[in-house]
Amino acid sequence: MSVPASPLQQRFERDGYLIVRDLLPAQRCDALRAQTEAALAPLAAPVEFEADVGYPGAPNSRSAPGGNTPRRLLYAYGRHELYRELATGAEVARHLALLTGQDDWLMSQCHHNCVMTKAPGFSSETHWHQDIRYWSFDLPELVSVWVALGDEHERNGALAIIPGSHNMTIDRGRLDRDLFLRPELPANATLIRQAETVSLRQGDVLFFHCRAFHAAGCNRSTQTKLSCVFTYHRRDNQPIPGTRSATFESVPLAPAGSSA
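Here the sequence shown is numbered in my numbering, starting from 21 and rising by one per residue.
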């Protein structure tokens, strides 16, 4: 006899994302912020720069004004125990199980696994896309976890998500060369108008499906926005051998019921 989905699971299955408020206490967020700020000055590699991505608002090259603006600190799991405890801790494991009705999740070291560092002045916009576009797994069933180390809102470039888009079939012609939604198409314009801004407070955590269309604006505030982001797949949903998704071994999570 199957067990009915919980209300949280039903919401996640319907919308493709869910916010868990106050999952991390302020003291822990402050410690993560301090560790991140120490890695930004002086800048500790590996780093992706805004100039590397070529998105709207980004400097044209690393030699251009603002070309040394970091976009994210890569490979967070290997940087410090604070990131490791966050990425593989029982809080994340417990909520992945609650929101999906499934357990035995692993953290991918190949995707996200970073601290987003959206700086004012030279941050870029990210247009509407699905993360699964450049991931290679047996099934397109992964969940990303976005941890707000400070408040996130439209002015400083918070994410926006189109509810339910993870369950939609989007024809290839509605996407551009880089698999972003083409906003000039009427069907896409209608879809984008359904988007919701994901406003977060420090310690809030966003869980979202890899097929959910999402975007983000640039940071128009005066402070850098810091967010830890990790991605998870079930043990029975393996990366395809020979692809980028299989470059590094995935990491098991702490038991959902533990205090780790």
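Glycine included, each C-beta is placed from N, C-alpha and C at the ideal position.
The beta strand (DSSP E) enclosing residue i, as first and last residue numbers
| i | result |
| --- | --- |
| His-253 | 245 to 254 |
| Tyr-37 | 37 to 40 |
| Arg-91 | 90 to 94 |
| Glu-68 | 67 to 69 |
| Phe-157 | Per DSSP, Phe-157 belongs to no beta strand (DSSP E) and is neither H nor E. |
| Ile-181 | 179 to 181 |
| Thr-242 | Per DSSP, Thr-242 belongs to no beta strand (DSSP E) and is neither H nor E. |
| Ser-362 | No answer is possible for residue 362: it lies beyond the span of the chain, which begins at 21 and ends at 280. |
| Phe-227 | 225 to 229 |
| Ser-83 | It is not in any beta strand (DSSP E) - Ser-83 carries neither H nor E in the DSSP assignment. |
| Ala-235 | 234 to 236 |
| Met-127 | 125 to 128 |
Nearest-angstrom Cβ-Cβ length linking residue i and residue j, presumed shorter than 8 Å
| i | j | result |
| --- | --- | --- |
| Ile-212 | Leu-195 | Wrong, their Cβ atoms sit about 13 Å apart, outside the cutoff. |
| Gly-177 | Ala-25 | Actually they are not in contact, since the Cβ atoms of Gly-177 and Ala-25 sit about 33 Å apart, beyond 8 Å. |
| Ser-185 | Ser-265 | That pair is no contact at about 22 Å. |
| Ser-241 | Gln-129 | The pair is not a contact, with the Cβ atoms about 31 Å apart (cut-off 8 Å). |
Residue i to residue j span [Cα, whole Å]
| i | j | result |
| --- | --- | --- |
| Tyr-97 | Asn-133 | 6 Å |
| Cys-230 | His-147 | 15 Å |
| Gln-131 | Phe-250 | The displayed chain sequence assigns His, not Gln, to residue 131. Their backbone Cα atoms lie some 7 Å apart in a straight line. |
| Pro-272 | Gly-237 | 33 Å |
| Ala-232 | Tyr-154 | 14 Å |
| Asp-35 | Ile-182 | 8 Å |
| Val-135 | Val-165 | 12 Å |
| Pro-275 | Asp-151 | 26 Å |
| Glu-57 | Ala-64 | 10 Å |
| Thr-189 | Leu-199 | 14 Å |
| Val-163 | Pro-62 | 32 Å |
| Trp-125 | Thr-217 | 27 Å |
| Pro-27 | Asp-256 | 25 Å |
Enclosing alpha helix (DSSP H) for residue i [first to last residue]
| i | result |
| --- | --- |
| Thr-56 | 46 to 60 |
| Thr-212 | Note that residue 212 is Ile in the sequence shown, not Thr. Note, Ile-212: alpha helix (DSSP H), 206 to 212. |
| Thr-108 | 101 to 108 |
Close beta carbons around residue i, own chain, < 7 Å, minus the five adjacent residues each side
| i | result |
| --- | --- |
| Val-167 | Leu-44, Leu-106, Val-225, Ser-247, Cys-248 |
| Ser-219 | Glu-172, His-173, Ala-178 |
| His-100 | Gln-55 |
| Arg-326 | Residue coverage of the chain in this structure runs from 21 to 280, which leaves residue 326 outside it and unanswerable. |
| Thr-263 | Ser-156 |
Residue burial classification, residue i (beta-carbon count within 10 angstroms, cutoff 16)
| i | result |
| --- | --- |
| Pro-90 | buried |
| Pro-79 | buried |
| Tyr-59 | Here residue 59 turns out to be Ala, not Tyr, going by the sequence shown. The residue in question, Ala-59, is buried, as its Cβ has 16 or more Cβ neighbours within 10 Å. |
| Ala-180 | buried |
| Ala-113 | buried |
8 Å CB neighbourhood of residue i in its chain, flanking five on each side removed
| i | result |
| --- | --- |
| Gly-170 | Cys-49, Arg-53, Gln-222, Gln-243, Lys-245, Leu-246 |
| Ala-84 | Ala-71 |
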